[in-house]
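In the numbering used here, the protein residues as written are 27 to 176.
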Amino acid sequence: MAQTIQILNGPNLNLLGTREPEIYGSETLDDLHARCERKAKALGYEVVFRQSNHEGELVSWVQEARERAAGLIVNAGAFTHTSVALLDALLSCSVPIVEVHLSNIFRREPFRHRSYVSKAAKGVICGFGGLGYELAIEALATSLAEAKAG
Ligand code: DQA
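Encoded structure:
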């Protein structure tokens, strides 16, 4: 059975495609999901792709991933900049975590420059839109293969 990469999306990302398209592009969350499925499959992984507007639900999914996933990709949306609870959940995971943002958060308002998620992440990809999710899958798959090879 293929190993799973869990991809978690935070608040307002359900509105992709119509939400501030000049910043987030025209791809919908379903488009992103399909893109991730394709990329992961090509690299021999299955994907669990989820979105929630609720911090506690995201925390529960991280706890679930801790037991079941080979790796985790997180776009925590605005919770990136606020959530110690999500950081604590991520710090409890021993699997590799990649933080993703569609936009380049460092070109935006100063409050977006601080990320609580980064402290738990192996790496961060931001500013490449949906491509960033594919790059994150590739980075995770490569890290996992390297870890396996010792
Ligand atoms: C985001 C950046 C966050 O600052 C913002 O709150 C989001 C989306 C991104 O993907 O660019 O909701 O995580």
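All residues carry an ideal CB built from backbone N, CA and C; glycine is no exception.
These figures come from a predicted structure and were not determined experimentally.
Using 8 Å for Cβ pairs, my map puts residue i next to residue j. What's the rounded Cβ distance?
i	j	result
A91	C119	7 Å
Is the beta carbon of residue i less than 7 Å from the beta carbon of residue j?
i	j	result
T168	A95	no
N101	V85	no
G97	L161	no
A146	L116	yes
N35	Q89	no
Quick one: residues in its chain with C-beta nearer than 6 Å to the C-beta of residue i, no 5 flanking neighbours on either side, listed in chain order?
i	result
G155	G51 and L128
Beta-carbon within less than 7 Å of residue i's beta-carbon, same chain only, minus the 5 sequence neighbours each way: which residues are those?
i	result
F137	H107
CB of residue i to nearest heavy atom of the ligand DQA: below 6 Å?
i	result
L128	yes
A171	no
N40	no
Who are residue i's beta bridge partners in DSSP?
i	result
C152	H127
I99	I33 and V124
E72	T30
Q77	N35
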